[in-house]
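In the numbering used here, the protein residues as written are 2 to 116. C-beta: ideal position from N, C-alpha, C; glycine also.
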């Protein structure tokens, strides 16, 4: 079983930055790809970014060039550096990973971009 705990959300002005963290606790499993998703009010959850154990990353078009995903394998932690934030980035951000057939989600952290 894996537990994912996000942190780092908050209120930021447009153009500002935030860094989200997701700490994964694991029991006997090797976690491969880790993902960030987000869900804005009234909208479906959407993919934001992903990173493999080897460091290969991919991003949603809406965040390319502004967000950077990284990981510290020794700490089982994945980060999402968010720069040049826009009001449309406002959402609850979730960390996710899949082991076998089971998908694990964190509780989410709120990011609000507003002046």
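Residues of its chain near residue i, where Cβ-Cβ distance is below 6 Å and the 5 sequence neighbours each way are ignored
| i | result |
| --- | --- |
| residue 79 | 23, 35, 72 |
| residue 66 | none |
Residue i versus residue j: straight-line alpha-carbon distance, rounded
| i | j | result |
| --- | --- | --- |
| residue 81 | residue 40 | 15 Å |
| residue 45 | residue 12 | 22 Å |
| residue 20 | residue 52 | 16 Å |
| residue 25 | residue 47 | 21 Å |
| residue 62 | residue 7 | 23 Å |
| residue 57 | residue 9 | 23 Å |
| residue 64 | residue 97 | 18 Å |
Proximal residues to residue i (C-beta, below 8 Å), its chain only, five neighbours per side dropped
| i | result |
| --- | --- |
| residue 102 | none |
| residue 116 | 14, 15 |
Cβ-Cβ distance between residue i and residue j below 8 Å
| i | j | result |
| --- | --- | --- |
| residue 77 | residue 54 | no |
| residue 74 | residue 18 | no |
| residue 119 | residue 15 | No information on residue 119 is available, as it lies outside the stretch 2 to 116 that the chain covers here. |
Option nearest residue i by Cα separation, candidates the options
| i | options | result |
| --- | --- | --- |
| residue 4 | 59, 85, 104 | 104 |
| residue 88 | 67, 113, 74 | 113 |
| residue 50 | 85, 75, 74, 38 | 38 |
*If we count Cβ pairs, one from each stretch, closer than 8 Å, do we get three or more for the stretch 103-110 versus the stretch 87-95?*
Contact holds: three or more Cβ-Cβ distances are below 8 Å.
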